[in-house]
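Per this note's numbering, the sequence shown starts with residue 13, numbered consecutively.
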Amino acid sequence: MAFIHVPVAVAEAAHARLVQTRAHDVVTQDAETPRGYRIFNDLPVAVGLVNFCEAIRAQHRSVKFAIQPRPKTYHGNGVNFITEIWAYFPGDTYCSVRLGWGDYAVGANTGNKYSVYARHIDNEKFGADRDQRHMALSDSMDRAVKNFNKYLRPYKVSEIAAMSIEEFQSLLRKPLWEASNQFNEAYTAVIRHDSFNNEMRMLIDTGHTFVDPSFKEVLMGMLDKLDEHQNKQHETHHGYYVHVREYMGEPVFDVVPVLDIKKASAHRLGMNHVCTSAQLAEMDESLPNKLAALSMLDKGAFVEGLGHKVNDTSYWVLK
């Protein structure tokens, strides 16, 4: 299968839900932990995976861990304990690496191994439909930690923009779809009007004389909606994907310009520009004010002509 990109917010929410549903496993745990798992981040987790997480935390104190939706588990000692977990850091939008402890061999039982699952791994021994395609496996804890450090690469702003653009394109197209629906409704009202046939005949015979004045109003309404639909159909939207972060106590802006966003491909975005607050205004004098306006909105909000707040650190801003 294709690599699974897991947003940190999704992993954290899934972890919180799982803690609630698995509370019984934790509360009823014997004083002496059953062999095979330990309670880690309020959930029963395979001992080998807990040891792996703790070895990584010894080198990266700020690392965090969360379970993805529908995690892999192993049943032992009457408990389904978790064998895979995502690792990420404060400020990350997506989880960079998934850690595992299990037997990932195909067609044979070779024993449990430490696994590192990351988007930059391409193990061609496995087909594209298998998780192992993106895994580095090791019997050694030291080797496994080295694999984690090797493949620990936070998502670039350009990667996140590429994954986010389809949702924004959909939001930009929504007014066009709504205008199209409104035009279709107005058009239907015209052609299904009780006087349509008689008025069309009279239009031809008498040179545009309307017997029913209400038909003229309906017809004018249809034409207005048609004009609105056509205007939106030809609208061009240019703008920026902006990611806000902090560097040495000051805000820094990663800005990816995108021309004609509705038609843009995820693989054809502009170069990422790293800007200070002052440089942001130099790039586009309206950009700081529009960004400030979007920051006041709720997550996921879209304002036609202004842009889209993806989350508290990421925005699409229209020119």
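Heads up, the beta-carbon is just placed ideally off N, CA and C, and yes, glycines get one too.
Rounded to whole angstroms, the separation of the alpha carbons of M283 and K137 is 34 Å. Contact check for A26 against I79 passes: the beta carbons are separated by less than 7 Å. Secondary structure within the stretch 45-74: the beta strand (DSSP E) runs of 3 or more consecutive residues, fully enclosed, are 49-52 and 55-58 (chain order). Contiguous beta strand (DSSP E) elements confined to the stretch 242-299 occur at 251-259, 262-270 and 285-287, taking only those with 3 or more residues. Between the alpha carbons of N159 and H249 lies a distance of about 43 Å. Judged by DSSP secondary structure, M308 falls outside any beta strand (DSSP E); it is assigned neither H nor E. Residue pairing by DSSP places L111 opposite I97 and V128 in a beta bridge.
Distances from the CA of S108 to each of L292, K125, M308 and H132 were compared; the closest alpha carbon is that of H132. DSSP places F227 within a helical segment (H, G or I) once states are collapsed to three. Residue state for G317 is assigned as coil, using DSSP reduced to three classes.
By the neighbour-count criterion, in which a residue is buried when 16 or more other Cβ atoms sit within 10 angstroms of its Cβ, T85 is buried. By the neighbour-count criterion, in which 16 or more other beta carbons inside 10 Å mark a residue as buried, N124 falls on the buried side. In this structure V230 is not in contact with V264, their Cβ atoms being roughly 55 Å apart against a cut-off of 8 Å. Annotation for A25: the continuous alpha helix (DSSP H) segment containing it runs V20 to T33.
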